[in-house]
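A.B. asks:
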Amino acid sequence: MRTVTAAAGPATAPAGPPPGAPRLTGAVSLSFAAGSVTARDPDLRVYARDLALPYGLPLAEDRLAAGTGQSYAEMGEAVIDALLPAGQPADLLVEVFASPDVQPGRAASVHLSSYCPGRPFAFALAEQGTAGAFSALALTASYLHGDGFERALVLVLEQAALPWQPPDGTPVPDRHTAVGLLWERSGGPALTLLGGGPRLSPDRARARVTAALAAETQGGSPLPLLLLGPGLADWEPPPGTEALRARAGSPYTGLWTLLAEHRHRIGGEGRPALLAEYDPLLGHLDLARLAPDRSSRT
Amino acid sequence: MGPFREILCDARGVGILARVTALKAVAVHLPPVAEPIETVGDRLGLTARQQTLLRRFHGLDQVLLAPDGDLTDLLAAAAAALPELRGREHLVRYVLHARGMPVGAPYPVNPVHELLGRLGLEHARAFTVTHHACATSLLAVDVAGRLLAADPDPQALALVLAGEKTFTRDAQLVPETAVFAEAAAACLVGAHGERDRVLSYVADLRGEFDGRLAEDRDLLDRYQRAYPQALIAVMEAALERAGESWQSLALLLPHNVNQISWRRVCKAVGYPLDKVVLENVPTVGHSFAADFFVNHHTAITRGLLNPRDRYLVAAAGLGATFAAMVLQH
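Protein sequences appear in the order of chains A and B.
To convert, note that position 140 of the first sequence is 139 in numbering that gives the first Met the number 0; the numbers rise steadily by one, no gaps.
To convert, note that position 121 of the second sequence is 120 in numbering that gives the first Met the number 0; the numbers rise steadily by one, no gaps.
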């Protein structure tokens, strides 16, 4: 965690994961074509009106009338069904969102605690843009280090039907996506958070990703597989780097969908993956390394 | 009832799992407008009987409101009341908003990030923790302690903010129970220090109470029936984990939902009501997750805590979460 807040840049030499680093043992990304019936709750309009109008943001009457929004509780249930099919108990559930649930007043993670095997301790982390998922991972490492927490589920959620009109340039998902990342104390690639920096310009953020890539290869280590979030979609990494790019229409889940889709490459190719994400609204850069677990590849 | 989740902090700061979480300073912002319960009741369309119930049975009198300004202004006022923050901004690594309402600003409006510039904390990581409703401040203190424990600088700090706007009906009223107010608070949390160390934190998440009490009579009845025992259970679990008992406990800082519920709880466990900080229930009102800090501030300013006294903080949040934390002053 200490490198997350470092302002001096991410140029750290590659090293093994810290003791007790969370291991990625499962991942799934689900998209939802249809909306939730809860999007037609007339009280959504009341809540959205009372919330948005004082800030001068008009309601999105077309989206409210269409009722196409999705419920984070229902999306989370689907992830739990997909990721914990054998009823494996989880001890921790952290829900991360940046754009709001279509049930904005609902404590969805508490509901999901009762739905999830193990009735995990649960809470939500919000309003940190793309950095929110990285903060959730830092907290996951803390919980897994302590007694009583052996398996953690991080849910990164976004739904496309914002009930008000945001200012131009606001990243808004173009589809409903839920990503579940399962973390344990052993058994999969190990996570190391590498920091990044707050309030960076796009150019400074890209320079830091370049420096992080260079640091990864110090000592002759192989170039990592580079996973780029939507905030870095238009960046060209140095020649020779294999970069995978998240889809632009999933501003807060795109990177994690990419990870879910390519998780087995990280375990199987014997080289680490470097995850990089930049939030264009908040200027936040986050970097993380997932290193293959040589003792028990998945 | 689900299994308790407990987070132990070793007050000695030793051992492989040792983690000190300490409240370094607490400040409160009390908004300027005091609105009588009847005025709020008229605005919400409550009947005369319902208003009488709130005043005479629940012991409510008025709520403090901040009609001018938005959520960012409210939280900034709380931070401005915290002189211990001045000159230590560079030590603040994290800024957390402990929020009861899961969505309290229209995306992309982001009050906790807007605050960073006003407070000279642009270098800090800032986010909102939520879903424990009015018990979220206990969660936020624990989360802050976890983040600081991983920081190599022992002087590193986290700023936890609490307080919300009563912007919609669901943020104004808990049916037959409470009326919300807009007091706000700021708390500096550190990973070292002797005063106000967290000794135990226990939470019980009860998703079976997920729903809107205002629209579901059966849910409201079930929640009201379960509430006293569920709250007592987490308080006693937190006391046990801290090696304390009702007899040894110096003070109880409640959430300010109303007076009657605490009278019943105290009667059930045999704890003297004069050791419960209830004076803010009628005068300030139930200020979401800020109640923890509002009552802590009262306890300190009135000299209700002596060095090494152990005290209990307890709160329940809709959804539902029951939580308790034992600290040592």
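Where a beta carbon is used, it is the ideal one built from N, C-alpha and C, also for glycine.
For clarity, every value in this text was computed on a predicted model and none was experimentally measured.
Looking at the structure shown, is residue 95 of chain B part of a helix, part of a strand, or coil, going by DSSP?
C.D. replies: Here residue 95 of chain B refers to the residue found at position 96 of the second sequence. Correct three-state label for residue 95 of chain B: strand.
A.B. asks: Taking its Cβ as the centre, do 16 or more other Cβ atoms sit within 10 Å of residue 329 of chain B, making it buried, or is it exposed?
C.D. replies: For chain B, the structure presents residues 0 to 328; residue 329 of chain B sits outside this window and is missing.
A.B. asks: So, helix, strand or coil for residue 61 of chain A, using DSSP?
C.D. replies: Position 62 of the first sequence, counted from the start, is the residue given in the question as residue 61 of chain A. Reduced to three states, the DSSP call for residue 61 of chain A is helix.
A.B. asks: Mind pulling the chain B residues with CB within less than 8 angstroms of residue 107 of chain A?
C.D. replies: Taking the first sequence and counting its residues from 1, one reaches residue 107 of chain A at position 108. The answer, in chain order, is 101 and 130.
A.B. asks: Assign residue 161 of chain B to one of three DSSP states: helix, strand, or coil.
C.D. replies: Within the second sequence, numbered from 1, the residue matching residue 161 of chain B stands at position 162. In the displayed model, residue 161 of chain B falls within a strand according to three-state DSSP.
A.B. asks: Could you check the C-alpha separation between residue 137 of chain B and residue 157 of chain B for me, to the nearest Å?
C.D. replies: Counting from one through the second sequence, the residue named residue 137 of chain B turns up at place 138. Counting from one through the second sequence, the residue named residue 157 of chain B turns up at place 158. Their Cα atoms are separated by approximately 14 angstroms.
A.B. asks: Please list the partners that residue 255 of chain A has in chain B, where partner means a Cβ-to-Cβ separation under 8 angstroms.
C.D. replies: Stepping through the first sequence from its first residue, residue 255 of chain A is reached at position 256. Ordered by position in chain B, no residue passes the 8 angstroms Cβ test against residue 255 of chain A, which lies about 17 angstroms from the chain.
A.B. asks: Tell me which same chain residues have a C-beta within less than 8 angstroms of the C-beta of residue 260 of chain A, skipping the five on either side of it?
C.D. replies: Walking along the first sequence from the start, residue 260 of chain A turns up at place 261. 28.
A.B. asks: Check the Cβ of residue 121 of chain B against every Cβ in chain A and list those closer than 8 angstroms, keeping chain order.
C.D. replies: Translated into the one-based positions of the second sequence, residue 121 of chain B becomes position 122. The answer, in chain order, is 197 and 198.
A.B. asks: When you compare each of B/260, B/288, B/287 and B/286 to residue 341 of chain B by their alpha carbons, which one comes out closest?
C.D. replies: The first residue shown for chain B is 0 and the last is 328, placing residue 341 of chain B beyond what the model contains.
A.B. asks: Which residues in chain B sit within 7 angstroms of residue 173 of chain A, going by Cβ to Cβ distance?
C.D. replies: Counting from 1 along the first sequence, the entry for residue 173 of chain A is found at position 174. Under the 7 angstroms cutoff, chain B gives no residues; its nearest Cβ is about 15 angstroms from residue 173 of chain A.
A.B. asks: Just the C-alpha distance for residue 161 of chain A and residue 120 of chain B, rounded to the nearest angstrom, thanks.
C.D. replies: Position 162 of the first sequence holds residue 161 of chain A. Position 121 of the second sequence holds residue 120 of chain B. Answer to the nearest angstrom: the Cα atoms are 30 angstroms apart.
A.B. asks: Runs of 3 residues minimum, wholly inside the region 29-102 of chain B: which ones carry the beta strand (DSSP E) assignment?
C.D. replies: 32-35, 61-64 and 91-97
A.B. asks: Can you tell me whether DSSP reads residue 131 of chain A as helix, strand or coil?
C.D. replies: Within the first sequence, residue 131 of chain A is the residue found at index 132, counting from 1. If DSSP states are grouped into helix, strand and coil, residue 131 of chain A belongs with the helices.
A.B. asks: Is residue 270 of chain B close to the ligand NAP? I mean its beta-carbon at under 8 angstroms from any heavy atom of the ligand.
C.D. replies: You won't find the ligand NAP in this model; it holds no ligand whatsoever.
A.B. asks: So is residue 186 of chain A in contact with chain B if we call contact Cβ pairs under 9 angstroms?
C.D. replies: Taking the first residue of the first sequence as 1, we reach residue 186 of chain A at position 187. The C-beta of residue 186 of chain A comes no closer than 9 angstroms to any C-beta of chain B.
A.B. asks: By the 10 Å Cβ neighbour count, where 16 or more other Cβ atoms means buried, how is residue 20 of chain B classified, buried or exposed?
C.D. replies: Sequence index remark: in the second sequence, residue 20 of chain B carries index 21 (1-based). By the 10 Å Cβ count, residue 20 of chain B comes out buried.
A.B. asks: Which residues bound the beta strand (DSSP E) around residue 161 of chain A?
C.D. replies: Stepping through the first sequence from its first residue, residue 161 of chain A is reached at position 162. Note, residue 161 of chain A: premise wrong, no beta strand (DSSP E); not H, not E.
A.B. asks: Output yes if chain B places a C-beta closer than 9 angstroms to the C-beta of residue 69 of chain A; else output no.
C.D. replies: Within the first sequence, numbered from 1, the residue matching residue 69 of chain A stands at position 70. By this cut-off, residue 69 of chain A is not an interface position.
A.B. asks: Taking only three categories from DSSP, how would you classify residue 182 of chain A?
C.D. replies: Here residue 182 of chain A refers to the residue found at position 183 of the first sequence. Note: residue 182 of chain A maps to strand in three-state DSSP.
A.B. asks: Rounded to the nearest angstrom, what separates residue 183 of chain A and residue 55 of chain B at their Cα positions?
C.D. replies: Counted from its first residue, the first sequence places residue 183 of chain A at position 184. Counted from its first residue, the second sequence places residue 55 of chain B at position 56. Rounded to whole angstroms, residue 183 of chain A to residue 55 of chain B spans 52 angstroms at the Cα level.
A.B. asks: Looking at the structure shown, is residue 327 of chain B part of a helix, part of a strand, or coil, going by DSSP?
C.D. replies: In the second sequence, counting from the first residue as 1, residue 327 of chain B sits at position 328. Residue state, collapsed to three classes: strand.
A.B. asks: Using the three-state DSSP reduction, which class does residue 209 of chain B fall into: helix, strand or coil?
C.D. replies: Reading the second sequence from its first residue, position 210 is the one you call residue 209 of chain B. DSSP places residue 209 of chain B in coil when its eight states are reduced to three.
A.B. asks: Fully enclosed by the region 131-157 of chain B, which alpha helix (DSSP H) runs are 4 residues long or longer?
C.D. replies: 135-148
A.B. asks: Between B/41, B/77, B/31 and B/63, which lies nearest to residue 296 of chain B when the distance is taken from Cα to Cα?
C.D. replies: One-based indexing of the second sequence puts residue 296 of chain B at position 297. Minimum Cα distance to residue 296 of chain B is reached at B/77.
A.B. asks: Are any of the Cβ atoms in chain A nearer than 9 angstroms to that of residue 108 of chain B?
C.D. replies: In the second sequence, residue 108 of chain B corresponds to position 109, counting from 1. Chain A, which has a Cβ nearer than 9 angstroms to the Cβ of residue 108 of chain B, makes this yes.
A.B. asks: Apply the 10 Å Cβ neighbour rule to residue 36 of chain A and answer buried if 16 or more other Cβ atoms are within range, or exposed otherwise.
C.D. replies: Within the first sequence, the letter at position 37 stands for residue 36 of chain A. Classification of residue 36 of chain A: exposed, given that the 10 Å Cβ count is below 16.
A.B. asks: Can you check DSSP and say which residues form a bridge with residue 96 of chain A?
C.D. replies: Within the first sequence, the letter at position 97 stands for residue 96 of chain A. A/125 and A/156.
A.B. asks: Note the first and the last residue of the continuous beta strand (DSSP E) segment covering residue 230 of chain B.
C.D. replies: Position 231 of the second sequence holds residue 230 of chain B. Residue 230 of chain B -> not in any beta strand (DSSP E); alpha helix (DSSP H) instead, spanning 216-240.
A.B. asks: According to the neighbour-count rule (16 or more other Cβ atoms, all chains shown, within 10 Å of its Cβ), is residue 184 of chain B buried or exposed?
C.D. replies: Taking the first residue of the second sequence as 1, we reach residue 184 of chain B at position 185. Residue 184 of chain B should be labelled buried.
A.B. asks: For chain C, is any of its Cβ atoms less than 9 angstroms away from the one on residue 31 of chain A?
C.D. replies: Any reference to chain C falls outside this structure, whose protein chains are A and B.
A.B. asks: With DSSP collapsed to three states, give me the class of residue 276 of chain A.
C.D. replies: On the first sequence, residue 276 of chain A is found 277 positions in, with the first residue counted as 1. Residue 276 of chain A falls in the strand class under three-state DSSP.
A.B. asks: Tell me the DSSP bridge mates of residue 321 of chain B?
C.D. replies: Indexing the second sequence from 1 puts residue 321 of chain B at position 322. In DSSP, residue 321 of chain B forms a bridge with B/203 and B/315.
A.B. asks: Strictly under 9 angstroms for the Cβ-Cβ distance: is residue 291 of chain A near chain B by that measure?
C.D. replies: For the purposes of this step, residue 291 of chain A is taken as residue 292 along the first sequence, with counting starting at 1. False, the Cβ-Cβ gap to chain B never drops below 9 angstroms.
A.B. asks: So, is the C-beta of residue 325 of chain B closer than 9 angstroms to a C-beta in chain A?
C.D. replies: Here residue 325 of chain B corresponds to residue number 326 of the second sequence, with the count starting at 1. No, no contact with chain A.
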